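Residue 160 in the working numbering sits at position 141 of the sequence shown; the count goes up by one each step and never skips.
Ideal Cβ positions, reconstructed from N, Cα and C, are used throughout, including at glycine.
None of these values were measured; they are calculated from a predicted model.
For reference, the structure is listed below as structure tokens.
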Amino acid sequence: MGRSFGRLEDRVIISVAGKGGTGKTTIAVLILKTLIEETSKTILFVDADPSTNAPVVLNIPIKKTVGEVVEEFRKTVLDTTELGVDKSRIVEKWVMEVLMESPRFDLLAMGRGEGEGCYCYVNSVLTSILDKLASNYDVVIMDMEAGLEHISRRTERDVDIMFVVTDPSRMSLETAKRIKELIPEVHVEIRRLYIIGNKIPHGEFESYASKVGEFDLQLIGIVPPDPEILNFSVKGLSLLNIPDNSPSYEAVKNICRKVRLI
Ligand SMILES: Nc1ncnc2c1ncn2[C@@H]1O[C@H](COP(=O)(O)OP(=O)(O)OP(=O)(O)O)[C@@H](O)[C@H]1O
Ligand SMILES: [Mg+2]
20 MGRSFGRLED RVIISVAGKG GTGKTTIAVL ILKTLIEETS KTILFVDADP STNAPVVLNI
80 PIKKTVGEVV EEFRKTVLDT TELGVDKSRI VEKWVMEVLM ESPRFDLLAM GRGEGEGCYC
140 YVNSVLTSIL DKLASNYDVV IMDMEAGLEH ISRRTERDVD IMFVVTDPSR MSLETAKRIK
200 ELIPEVHVEI RRLYIIGNKI PHGEFESYAS KVGEFDLQLI GIVPPDPEIL NFSVKGLSLL
260 NIPDNSPSYE AVKNICRKVR LI
């Protein structure tokens with residue numbers, strides 16, 4: 020996929036958040052599959068979860084994470100005070116090297132920084148590089164870290180659509196509600212926020228929708244429990260290759276249609 024910097028155009032930033040284990044990575048990858056199969060859009064998939072699960076689900080071996088790059092940069096370049104070159108260009112080059120390119124989408128794994136504390140310089144350079152990188156794609160899909168941390172730490176960015184994935188548990192809806200409440204406090208703009216009820220059988224749509232309504236949240240659709248997902252995970256196959264008639268994929272495709280992503 021092409022990767023010249025700074026192409027200006029309307030792009031859609033999608034983030035997939037929610038409580039741990041609800042199915043964020045699964046749903047994010049099924050959204051990716053939908054966009055690959057139903058559009059010709061250029062796509063950046065960002066694994067923003069420090070535990071870096073998406074490459075496993077996608078069956079793409081990653082070379083390095085952005086976190087590791089930042090750590091290397093901190094240990095080597097930042098200490099070299101006399102360096103005559105623009106340090107932000109070095110970070111930029113390194114980030115480009117960890118970008119995994121494939122014919123239909125690129126993948127960036129954020130990973131985690133090893134050290135403690137705030138590397139304000141590195142972080143601000145990184146933020147601008149990621150913004151520049153993101154502007155090169157039609158769609159950016161971000162598979163977020165579980166829970167609320169990414170919002171309270173302000174690593175969340177302005178996004179067009181945030182899908183908060185919930186499951187049958189009440190806890191997952193509590194987390195979704197907290198996410199919604201935290202957003203105005205941290206001054207990030209989430210233009211649309213929808214709940215996706217994952218692992219909910221089709222027959223339970225009505226009762227689940229009313230439960231979501233009690234939390235004052237908007238349910239956009241449900242994704243049924245799908246044995247094919249487990250099958251693919253056990254075999255270590257990329258979830259992108261799940262059959263097109265799988266109920267989970269059909270459900271996610273429908274949701275994408277509803278929110279006009281396709
Ligand atoms: N609709 C579904 N049907 C069957 N299994 C599912 C479904 N959605 C997710 N799973 C399974 O549930 C488990 C958790 O899913 P996943 O890893 O996508 O959740 P997550 O929210 O990304 O987790 P984490 O918080 O650890 O990042 C996985 O084993 C996945 O295969
Ligand atoms: Mg995950």
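Within the chosen limit of 7 Å, ligand 2 reaches the beta carbon of ASP162 through at least one heavy atom. The C-beta separation of GLY166 from LYS38 comes to about 6 Å, placing the pair in contact by the 8 Å criterion.
For SER191, the uninterrupted alpha helix (DSSP H) run begins and ends at 189-204, by DSSP.
Distance from the C-beta of ASP68 to the nearest heavy atom of ligand 2 is below 7 Å. In the three-state reduction of the DSSP assignment, PHE234 falls in the coil class, being assigned neither a helical nor a strand state. Between VAL159 and VAL65, the C-beta spacing is below 8 Å. A straight-line Cα-Cα distance of about 30 Å links ILE32 and GLU223. Remark: the shortest separation between the CB of LYS43 and any heavy atom of ligand 2 falls under 7 Å. For the set SER59, GLU164, THR146, THR58, the Cα lying nearest the Cα of ALA73 is the one of GLU164. With 16 or more other Cβ atoms inside 10 Å of its own Cβ, THR194 counts as buried. Below 8 Å, enough C-beta pairs join the segment 259-272 and the segment 241-250 to call them touching: three or more. Of the residues assessed, THR95 falls on the exposed side of the cut-off, its CB having fewer than 16 other CB atoms within 10 angstroms. Under DSSP, no beta-bridge partner is assigned to VAL271. Counting C-beta atoms within 10 angstroms of its own C-beta, LYS277 has fewer than 16 neighbours from the protein chains shown and is therefore classed as exposed. Of the candidates HIS206, VAL184, LYS106, the residue whose Cα lies closest to the Cα of VAL48 is VAL184. By the neighbour-count criterion, in which a residue is buried when 16 or more other Cβ atoms sit within 10 angstroms of its Cβ, LYS112 is exposed.
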